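Engineer: Protein sequence lines correspond, in order, to chains A and B. Start counting the first sequence at 1; every next residue gets the next number (the working numbering). Start counting the second sequence at 1001; every next residue gets the next number (the working numbering). In this text, a Cβ means the ideal position worked out from N, Cα and C, and glycines have one as well. Being a predicted model, the structure only gives us computed values, none of them experimental. One structure, pasted below without further comment.
There are 2 protein chains.
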Amino acid sequence: MEDRQNSLRQRSRRAVQAELVELAQGLFVERGYESTTVDDIAAAAGMSKRTVFRYFATKEELVLGKYDLLSDELLRRLRERPLGEPLWTSLRRMFDGVVAYFADNAHASRAAAMERVVTSTPALHAAYLHRVSRMQAEVAALACARAKSADDVGPVAVVGAAFACLAAARAAQASTGRSIELLLDEAMDAVAGLRRERRAPQGHHER
Amino acid sequence: MEDRQNSLRQRSRRAVQAELVELAQGLFVERGYESTTVDDIAAAAGMSKRTVFRYFATKEELVLGKYDLLSDELLRRLRERPLGEPLWTSLRRMFDGVVAYFADNAHASRAAAMERVVTSTPALHAAYLHRVSRMQAEVAALACARAKSADDVGPVAVVGAAFACLAAARAAQASTGRSIELLLDEAMDAVAGLRRERRAPQGHHER
DNA sequence: GACTAAAATGTCACTCAATGACAGATGCGG
DNA sequence: CCGCATCTGTCATTGAGTGACATTTTAGTC
């Protein structure tokens, strides 16, 4: 039990994982997520189903596993922002990495097919949203800590709004092909530009 | 094939569905969602597993089925808002029904346990988010139609931000016990009160 | 290079959600 | 009372995921 990390075994494990992801996603894009069984994947990889499940706890992880890294990156970027900066600006800068990632066409075209599989497969899309939700919660916790407002809805809502802007921008990029950077700026400007009328004078309970 | 709707059969079907929901949710709260099998529910209801699946397509629907009605209500409320009203205000008013629902303590205490089950069960929470996401998309489509801006990110982002506020308010209500009405106003004011610094002068691609 | 302990793999059996097919029961309209 | 649609139970099957156990690989040591 010496090296612990990056032993030869660890590296080969990573290699097998990467290979499985590549292989599985190819099959998913080709024949669809639901109609590709884990047995199919295992057969294609020349291993037993049980072994596939030793590399990935669930079938979904073959698709969504990569998003686990994203969380750390977002938190790191947000932590790097100066304390005095408005939260909305910090959040926009936090997304710079993601934006650059999706702005890269070489990647975009490769991942686009997989994105389509995700959004068109209810179970997969649900799991995706769950991961985003967890990420969002972590970012919100950090934002609350920054604002020194422990249990305040404000930061949580603002972080949620920022993620909603990112989602809207990604969707618009997928459908219109416009630049995600511009779309995100547009979306975040639209939200930051909101003005609300005064609240209705008295209670308005209905139904 | 006369009445079609509300025939005796339809009503009895609804009754059985309601009974199953009640029964199942009781078991879920008591023993947890994952450790309650559909067989358990069927046995408790005195019917076969197969029959349960004739009333509910999936186990999740026993918990999340009610949210399907919510979508129509939101759309109806939004449609009732005057065209000249700012979108953010219309969205706040759109939530009035939901707010009233969750402000009712009699309901809140009954549903609170179930809410906890949902948020603490990954699979359920994911399915919940998926439904909310679909609802949000419908509302966004309506908002875009109102704004006469077909494929604009703005309305989509704003609607997403509004839903994020609702989610934040609900979460805060669950943890702090404060009034959801005030919390939602606070959250939506926080988002509407955002001001953003001018964008960074030139491109900022990294990584 | 042989030895040993750990890790990886395959096989088998199992649970549980979900679906299709078929047969029998139930209940409504005439 | 009969005929027909609907409801229901039973059985078989698929597919994800898990536990247990035996076997094979492989890394590190002498």
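When DSSP labels each residue in this structure, what does B/Thr1176 get in the three-state scheme?
Structural biologist: Numbered from its first residue, the second sequence carries residue 1176 of chain B at position 176. B/Thr1176: helix per DSSP, three-state reduction.
Engineer: Please state the DSSP three-state secondary structure of B/Val1016.
Structural biologist: Within the second sequence, the letter at position 16 stands for residue 1016 of chain B. Residue state, collapsed to three classes: helix.
Engineer: Please check if any C-beta of chain A sits within less than 9 Å of the C-beta of B/Ser1179.
Structural biologist: Translated into the one-based positions of the second sequence, residue 1179 of chain B becomes position 179. At a cut-off of 9 Å, the C-beta of B/Ser1179 has no neighbouring C-beta in chain A.
Engineer: I want to see whether chain B comes within less than 9 Å of A/Ser175, judged by CB atoms only; does it?
Structural biologist: Walking along the first sequence from the start, residue 175 of chain A turns up at place 175. It does: the Cβ of A/Ser175 has a partner Cβ on chain B nearer than 9 Å.
Engineer: Determine the chain B residues that contact A/Phe28 at a beta-carbon separation under 7 Å, and present them in chain order.
Structural biologist: Against the first sequence, residue 28 of chain A aligns to sequence position 28. Near A/Phe28 there are no residues of chain B at all, since even the closest Cβ is about 18 Å away, more than 7 Å.
Engineer: Which one of B/Glu1115, B/Arg1014, B/Ala1100, B/Asp1040 has the shortest CA to CA distance from B/Val1029?
Structural biologist: Translated into positions along the second sequence, residue 1029 of chain B becomes position 29. The shortest C-alpha separation from B/Val1029 is found at B/Glu1115.
Engineer: Between A/Leu129 and chain B, is the shortest Cβ-Cβ distance under 9 Å, so that the two count as touching?
Structural biologist: Position 129 of the first sequence, counted from the first residue, corresponds to residue 129 of chain A. At least one chain B Cβ lies under 9 Å of A/Leu129.
Engineer: For B/Glu1186, which residues in chain A fall below 9 Å Cβ to Cβ?
Structural biologist: As a working mapping, residue 1186 of chain B is identified with position 186 in the second sequence. Correct list: Asp152, Val153, Gly154, Ala157.
Engineer: Using a Cβ distance threshold of 8 Å, determine whether the segment 121-136 of chain A contacts the segment 100-108 of chain A, with at least three qualifying pairs required.
Structural biologist: no
Engineer: Can you give the beta carbon distance from B/Ala967 to A/Ala157, rounded, assuming they're within the 8 Å contact cut?
Structural biologist: With chain B covering 1001 to 1207 only, the question about residue 967 of chain B has no answer from this structure.
Engineer: When DSSP labels each residue in this structure, what does A/Phe56 get in the three-state scheme?
Structural biologist: Position 56 of the first sequence, counted from the start, is the residue given in the question as residue 56 of chain A. The answer is coil: DSSP assigns A/Phe56 none of H, G, I, E or B.
Engineer: Do B/Ala1164 and A/Val159 have their CB atoms nearer than 9 Å?
Structural biologist: Here residue 1164 of chain B corresponds to residue number 164 of the second sequence, with the count starting at 1. Here residue 159 of chain A corresponds to residue number 159 of the first sequence, with the count starting at 1. In contact: B/Ala1164 and A/Val159 (Cβ atoms closer than 9 Å).
Engineer: Output needed for A/Val139: all residues of its chain with C-beta closer than 7 Å, excluding positions within five of it in sequence on either side, in chain order.
Structural biologist: Residue mapping note: residue 139 of chain A aligns to position 139 of the first sequence, counting from 1. Same-chain partners within the cutoff: Leu74, Leu75, Leu78, Val159.
Engineer: Would DSSP call A/Ala150 helix, strand or coil?
Structural biologist: To locate residue 150 of chain A, count along the first sequence from 1; it is residue 150. Three-state DSSP puts A/Ala150 in coil, outside helix and strand.
Engineer: Note down, one range per segment and in chain order, each alpha helix (DSSP H) of at least 4 residues found wholly within the segment 27-77 of chain A.
Structural biologist: At a cut-off of 4 residues, the continuous stretches assigned as alpha helix (DSSP H) that sit fully inside the segment 27-77 of chain A are 38-45, 49-55, 61-64.
Engineer: How about A/Lys194: is its C-beta nearer than 9 Å to some C-beta of chain B?
Structural biologist: The count along the first sequence starts at 1 and reaches residue 194 of chain A at position 194. First, the residue type needs correcting, since residue 194 of chain A is Leu and not Lys in the sequence shown. Closer than 9 Å to some Cβ of chain B, the Cβ of A/Leu194 qualifies, so yes.
Engineer: Between B/Asp1040, B/Arg1031, B/Arg1054, B/Gly1026, which has its C-alpha nearest B/Val1016's C-alpha?
Structural biologist: In the second sequence, counting from the first residue as 1, residue 1016 of chain B sits at position 16. Checking every option, the nearest Cα to that of B/Val1016 belongs to B/Arg1054.
Engineer: Kindly indicate the opening and closing residues of the alpha helix (DSSP H) around B/Leu1087.
Structural biologist: Residue mapping note: residue 1087 of chain B aligns to position 87 of the second sequence, counting from 1. Start and end: 1087-1094.
Engineer: Answer yes or no: the CB of A/Glu60 versus the heavy atoms of the ligand PLP, is any distance below 8 Å?
Structural biologist: Absence of the ligand PLP is noted for the structure shown, with no ligands found whatsoever.
Engineer: At which residue ranges does the segment 1100-1125 of chain B contain complete alpha helix (DSSP H) runs of 4 or more residues, listed in the order of the chain?
Structural biologist: Secondary structure in the segment 1100-1125 of chain B: the alpha helix (DSSP H) runs of 4 residues or longer, each lying completely within the stretch, are 1105-1120 in chain order.
Engineer: Closer than 7 Å by beta-carbon distance: list the chain A residues that pair up with B/Leu1183, in chain order.
Structural biologist: The residue labelled residue 1183 of chain B in the question sits at position 183 within the second sequence. What B/Leu1183 touches in chain A: Val153.
Engineer: Anyone know if the C-beta pair for A/Lys66 and A/Val38 falls short of 9 Å?
Structural biologist: Position 66 of the first sequence, counted from the start, is the residue given in the question as residue 66 of chain A. Position 38 of the first sequence, counted from the start, is the residue given in the question as residue 38 of chain A. Their beta carbons are not under 9 Å apart, which means A/Lys66 does not touch A/Val38 by this criterion.
Engineer: Does the beta-carbon distance from B/Ser1048 to B/Ala1042 come in below 9 Å?
Structural biologist: What you label residue 1048 of chain B is simply residue 48 of the second sequence in a count that begins at 1. What you label residue 1042 of chain B is simply residue 42 of the second sequence in a count that begins at 1. Yes, Cβ-Cβ distance for B/Ser1048 and B/Ala1042 is below 9 Å.
Engineer: Could you tell me the alpha carbon to alpha carbon distance between B/Leu1083 and B/Ala1143, rounded to whole angstroms?
Structural biologist: One-based indexing of the second sequence puts residue 1083 of chain B at position 83. One-based indexing of the second sequence puts residue 1143 of chain B at position 143. Going from the Cα of B/Leu1083 to the Cα of B/Ala1143 covers about 11 Å.
Engineer: Whole angstroms is fine: what's the gap from A/Arg131's alpha carbon to A/Asp72's?
Structural biologist: The residue labelled residue 131 of chain A in the question sits at position 131 within the first sequence. The residue labelled residue 72 of chain A in the question sits at position 72 within the first sequence. Each residue's Cα considered, the two are about 13 Å apart.
Engineer: Have a look at A/Gly46, A/Asp96, A/Glu61, A/Arg9 and flag the residue whose alpha-carbon is nearest the alpha-carbon of A/Tyr33.
Structural biologist: Numbered from 1 along the first sequence, position 33 holds the residue referred to as residue 33 of chain A. The shortest Cα separation from A/Tyr33 among A/Gly46, A/Asp96, A/Glu61, A/Arg9 belongs to A/Glu61.
Engineer: Does any residue of chain A have a CB that is nearer than 9 Å to the CB of B/Phe1102?
Structural biologist: By one-based count along the second sequence, residue 1102 of chain B stands at place 102. Not closer than 9 Å to any Cβ of chain A, the Cβ of B/Phe1102 fails to qualify, so no.
Engineer: Here's a check: name, in chain order, each residue in its chain whose Cβ is nearer than 7 Å to the Cβ of B/Leu1027, leaving out the five neighbours to either side.
Structural biologist: Here residue 1027 of chain B is taken as the residue at index 27 of the second sequence, counted from 1. Contacts found: Thr1036, Asp1040, Ile1041, Ala1044.
Engineer: Can you tell me whether B/Leu1166 is helix, strand or coil according to DSSP?
Structural biologist: Mapped onto the second sequence, residue 1166 of chain B falls at position 166. Looking at B/Leu1166 - three-state DSSP - the assignment turns out to be helix.
Engineer: Which residues, in order along the segment 79-93 of chain A, keep a beta-carbon less than 7 Å from a beta-carbon of chain B?
Structural biologist: Those would be Pro86, Trp88, Thr89, in chain order.
Engineer: Flag this pair as yes or no: are the beta carbons of A/Val21 and B/Ala1168 separated by less than 9 Å?
Structural biologist: Here residue 21 of chain A refers to the residue found at position 21 of the first sequence. Here residue 1168 of chain B refers to the residue found at position 168 of the second sequence. Cβ atoms of A/Val21 and B/Ala1168: not closer than 9 Å.
Engineer: So what does DSSP say about B/Arg1195, is it helix, strand or coil?
Structural biologist: For the purposes of this step, residue 1195 of chain B is taken as residue 195 along the second sequence, with counting starting at 1. Three-state DSSP puts B/Arg1195 in coil, outside helix and strand.
Engineer: For A/Arg207, count the other beta carbons within 10 Å of its own beta carbon; 16 or more makes it buried, fewer makes it exposed. Which is it?
Structural biologist: Here residue 207 of chain A refers to the residue found at position 207 when the first sequence is read from its first residue. Because A/Arg207 carries a pLDDT of 38, less than 50, the predicted location of this residue cannot be relied on, and the following value inherits that uncertainty. With fewer than 16 other Cβ atoms within 10 Å, it is exposed.
Engineer: To the nearest whole angstrom, what separates the beta carbons of B/Trp1088 and A/Leu194, a pair I think is in contact under 8 Å?
Structural biologist: Sequence index remark: in the second sequence, residue 1088 of chain B carries index 88 (1-based). Sequence index remark: in the first sequence, residue 194 of chain A carries index 194 (1-based). Yes, B/Trp1088 and A/Leu194 are in contact; Cβ-Cβ is about 5 Å, under 8 Å.
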